[in-house]
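Q:
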Amino acid sequence: MSGDHDPDHGVVRVHGKPNLLLGKARAHIGETPYEVTIRVGKHVITADEPEALGGKDAGPAPFGLLVAALGACTSATLKMYAERKGWPLKALDVDLRFLRSHPEGVQSIERILTVEGLDEAQAARLADVAERTPVTLAIKAGVTIDTRLSGSET
Numbered sequence: 470m471s472g473d474h475d476p477d478h479g480v481v482r483v484h485g486k487p488n489l490l491l492g493k494a495r496a497h498i499g500e501t502p503y504e505v506t507i508r509v510g511k512h513v514i515t516a517d518e519p520e521a522l523g524g525k526d527a528g529p530a531p532f533g534l535l536v537a538a539l540g541a542c543t544s545a546t547l548k549m550y551a552e553r554k555g556w557p558l559k560a561l562d563v564d565l566r567f568l569r570s571h572p573e574g575v576q577s578i579e580r581i582l583t584v585e586g587l588d589e590a591q592a593a594r595l596a597d598v599a600e601r602t603p604v605t606l607a608i609k610a611g612v613t614i615d616t617r618l619s620g621s622e623t
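Right, here's the structure in full:
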């Protein structure tokens, strides 16, 4: 993670251009097969592969973390939206599955919202807003990934 300035949030310069930093993490793997320690700010998360894939199932697998991030963003965004509207949202569950069809290999995410406390029109509006949450838009748009070795100047 290169840049001239590297706070947890705010504007950072990468390759001389200003960028809004929306998140950062560091993943570390040692000698334990597939167990990854991820640091996100002051938080530590363990990721792992299931036993069937040679891991020890010590934490969620990477695609589980991906849909968890989408679920967290969806839940928080919809809660904020309902609060701004003054709607009596009592609870919201977001169930997600990352799917890959066989043999085509088409990938999709299934997201099911269970809304408590709102009428049908309000719940439908939340489903509409869910399509434009920040993480939803990032996933739908695709993200450029700039991979390089530490110390390289590219």
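Numbering (this note's numbering), first residue to last: 470 to 623. The beta-carbon is built from N, C-alpha and C at its ideal position, and this holds for glycine as well. Predicted, not measured: the structure shown is a model, and the values here were computed from it.
(1) Can you list, in chain order, the residues of its chain with a C-beta nearer than 8 Å to that of V624? Leave out the 5 residues immediately preceding and following it.
(2) Sort out for me which residues DSSP pairs D597 with in a bridge.
(3) With distance defined between alpha-carbon atoms, name the residue in T546, Q591, D615 and A590 nearest to E600.
(4) With burial defined as no fewer than 16 other Cβ atoms inside 10 Å of the residue's Cβ, what is the status of A590: buried or exposed?
(5) What span of residues does the alpha helix (DSSP H) with I687 cover, start to end?
(6) Could you pull out every residue in the same chain whose Cβ sits closer than 7 Å to the Cβ of V604, ignoring the five residues on either side in sequence?
(7) Contact defined as beta carbons within less than 8 Å: I believe A527 pairs with I507. What is the distance between those atoms, to the nearest angstrom?
(8) What three-state label does DSSP hand K609 in the structure shown?
(9) How should E518 be labelled, buried or exposed, when 16 other C-beta atoms within 10 angstroms of its C-beta is the threshold for buried?
(10) Take every Cβ of the stretch 550–563, pair it with every Cβ of the stretch 581–595, and state whether three or more of those distances are shorter than 8 Å.
(11) Could you tell me whether the Cβ atoms of E500 and G524 are closer together than 9 Å?
(12) Determine, using beta carbons only, whether Y550 and L606 come nearer to each other than 9 Å.
A: In short:
(1) Summary: the structure shown does not reach residue 624, with the chain confined to residues 470 through 623, and so no result is reported for it.
(2) According to DSSP, D597 shares a beta bridge with no other residue.
(3) Ranking the options by Cα distance to E600, first place goes to T546.
(4) Exposed: under 16 other Cβ atoms inside 10 Å.
(5) Residue numbering for the chain in the displayed model covers 470 to 623; residue 687 lies beyond these limits and cannot be assessed.
(6) A538, L539 and C542
(7) Cβ-Cβ separation between A527 and I507: approximately 12 Å, too far for a contact (criterion under 8 Å).
(8) Residue state, collapsed to three classes: helix.
(9) buried
(10) yes
(11) No; because the gap between Cβ atoms is not below 9 Å, this pair is not in contact.
(12) no
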